[in-house]
Amino acid sequence: MIDKQWASAVEAVADIQDGASLAVGGFGLSGNPIALIEALLAQGTTDLSIVSNNCGVDDWGLGVLLNAQRIRKMTSSYVGENKEFERQFLSGELELELTPQGTLAEKLRAGGSGVAAFFTQTGVGTQVAEGGLPRRYNADGSIAVASPAKDVRVFEVNGTPKEFVLEEAITTDFALVHAIAGDRHGNLVFNKVARNFNPLAAMAGRVCIAQVEQLVEPGEIDPDRVHLPGVFVHRVVEVGTGIEKRIERRTVTASSASTSSVATTGSGQEGS
Numbered sequence: 083m084i085d086k087q088w089a090s091a092v093e094a095v096a097d098i099q100d101g102a103s104l105a106v107g108g109f110g111l112s113g114n115p116i117a118l119i120e121a122l123l124a125q126g127t128t129d130l131s132i133v134s135n136n137c138g139v140d141d142w143g144l145g146v147l148l149n150a151q152r153i154r155k156m157t158s159s160y161v162g163e164n165k166e167f168e169r170q171f172l173s174g175e176l177e178l179e180l181t182p183q184g185t186l187a188e189k190l191r192a193g194g195s196g197v198a199a200f201f202t203q204t205g206v207g208t209q210v211a212e213g214g215l216p217r218r219y220n221a222d223g224s225i226a227v228a229s230p231a232k233d234v235r236v237f238e239v240n241g242t243p244k245e246f247v248l249e250e251a252i253t254t255d256f257a258l259v260h261a262i263a264g265d266r267h268g269n270l271v272f273n274k275v276a277r278n279f280n281p282l283a284a285m286a287g288r289v290c291i292a293q294v295e296q297l298v299e300p301g302e303i304d305p306d307r308v309h310l311p312g313v314f315v316h317r318v319v320e321v322g323t324g325i326e327k328r329i330e331r332r333t334v335t336a337s338s339a340s341t342s343s344v345a346t347t348g349s350g351q352e353g354s
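Put into C-alpha cells, the structure is as follows:
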C-alpha cells in the first residue's frame, strides 16, 4: 500500500499550475478545504476553472481566491452569498456555468465513475436544456457567451413518453476536499453535511488532495465507516482539529424566559 501523507498543504498544492481545473468540496461554508485554498492563494496560482457547489463568501472559502481575481470560471449551483461574485460576473470578469444542484452532483459522480454522460429530466423545457443562459457578459452588459442547447430525447417511463436532457460528466485536473478523519492510505470519513459534495469532488479530480482533521494509521478506521475509499485519493494532509470553521449566518433572538436562543442558518461547525 502507498503512504499518501504529505507534510503540508503548501507542498501538496505546489504543482497546481495556472489554468488548472479544480473540483472543490464544501456545501455553503461546511466542509471547505480552507487550508488547501489558502495555500493555493499564497502560491499565486491564477486563471483557475473551479467546479464547486458555491463560491464561499467574500472573505472565506473560495471567496478568497475570487477576491484575488484568481478564478476565470465557476461551475456552481448556488452563488447568492457573495457580492464580489455578483460584481465580477455582471462586469464580464468571471464566467459562470450555472448548473442545477442535483445535476452538478451527478456530473461529478459520473466523471469519477467513468460515465461519459447521462440523461435527466431536470432542466427540460428551460434554458438549461434550450440554451441561452448567460455564461459571460461584456462590460456593457450584453451577453458575450451563452450556454448551448443540449440534446433532448424522449424515453418511455412506466408507459409514458417523457423528455430527458443529456448532461455531460465532469472531470478536473485536481480535487481539493476536507474530511474529519483519514488514514495514510487515503480512506476518508466526512462529518454530517460535509459529506454532500466532498466525496463527489474527490472522485472527479484526476489528482485528489484531501485535508483531514485527524490522520490515523491504516486499519484504525472501521471499513464500515469509510465514506470514500483511498483509491480516489492521492495526497493527504493533516490540518488538526483546531482549524477554523465558519458559520454563514447567525440569528440571535430573545426567548420568553429573557434568555437567548441561537438559530443558525446555513452551514455550521457541526457539519464541517
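Just so we're on the same page, my numbering is the position in the sequence shown counted from 1, plus 82.
A virtual CB, placed ideally from N, CA and C, is assigned to each residue, including glycine.
Residue i to residue j, Cα distance in whole Å?
{"i": "L176", "j": "R152", "result": "10 angstroms"}
{"i": "G108", "j": "I303", "result": "22 angstroms"}
{"i": "A71", "j": "T333", "result": "No answer is possible for residue 71: the residues shown for the chain start at 83 and end at 354."}
{"i": "A336", "j": "T204", "result": "42 angstroms"}
{"i": "L123", "j": "F237", "result": "46 angstroms"}
{"i": "I262", "j": "T181", "result": "28 angstroms"}
{"i": "Q99", "j": "L215", "result": "30 angstroms"}
{"i": "R277", "j": "V133", "result": "16 angstroms"}
{"i": "V308", "j": "E326", "result": "24 angstroms"}
{"i": "V275", "j": "N114", "result": "11 angstroms"}
{"i": "V344", "j": "G241", "result": "In this prediction, V344 has a pLDDT of 44, which is less than 50 and means its spatial position is unreliable; what the coordinates show is noted afterwards. Approximately 50 angstroms, taken between the alpha carbons."}
{"i": "L178", "j": "D233", "result": "21 angstroms"}
{"i": "V289", "j": "E168", "result": "30 angstroms"}
{"i": "E245", "j": "T157", "result": "24 angstroms"}
Return yes when the Cβ of residue j is within less than 8 angstroms of the Cβ of residue i, no when it is not.
{"i": "F279", "j": "A187", "result": "yes"}
{"i": "L104", "j": "T254", "result": "yes"}
{"i": "A251", "j": "V197", "result": "yes"}
{"i": "E249", "j": "A199", "result": "yes"}
{"i": "W142", "j": "R328", "result": "yes"}
{"i": "L111", "j": "L130", "result": "no"}
{"i": "T202", "j": "V247", "result": "yes"}
{"i": "R266", "j": "L297", "result": "yes"}
{"i": "G268", "j": "K155", "result": "no"}
Between the Cα of residue i and the Cα atoms of the options, which residue gives the shortest distance?
{"i": "D362", "options": "I132, N149 and S134", "result": "There is no way to answer for residue 362, as the model of the chain reaches only from 83 to 354."}
{"i": "G101", "options": "D265, E120, F237 and T128", "result": "T128"}
{"i": "P230", "options": "P243, K244, Y219 and Q209", "result": "Q209"}
{"i": "V313", "options": "T323, G264 and V321", "result": "G264"}
Does the count of Cβ pairs from the segment 89-105 and the segment 315-324 closer than 8 angstroms reach three?
Taking a contact to require three or more Cβ pairs closer than 8 angstroms, the segment 89-105 and the segment 315-324 qualify as touching.
Could you give the uninterrupted runs of the beta strand (DSSP E) lying entirely in the segment 114-160, keeping only those of 3 residues or more?
Within the segment 114-160, the complete beta strand (DSSP E) runs of at least 3 residues fall at 130-133 and 153-158.
Threshold first: 3 residues or longer. Then list the beta strand (DSSP E) segments lying entirely within the segment 224-297, N to C.
If only uninterrupted beta strand (DSSP E) runs of at least 3 residues are considered, those enclosed by the segment 224-297 are 225-228, 234-239, 242-250 and 254-265.
Where are the beta strand (DSSP E) runs, 3 residues long or more, that stay fully inside the segment 178-212, in chain order?
If we require 3 residues or more, the beta strand (DSSP E) runs fully inside the segment 178-212 come out as 199-202.
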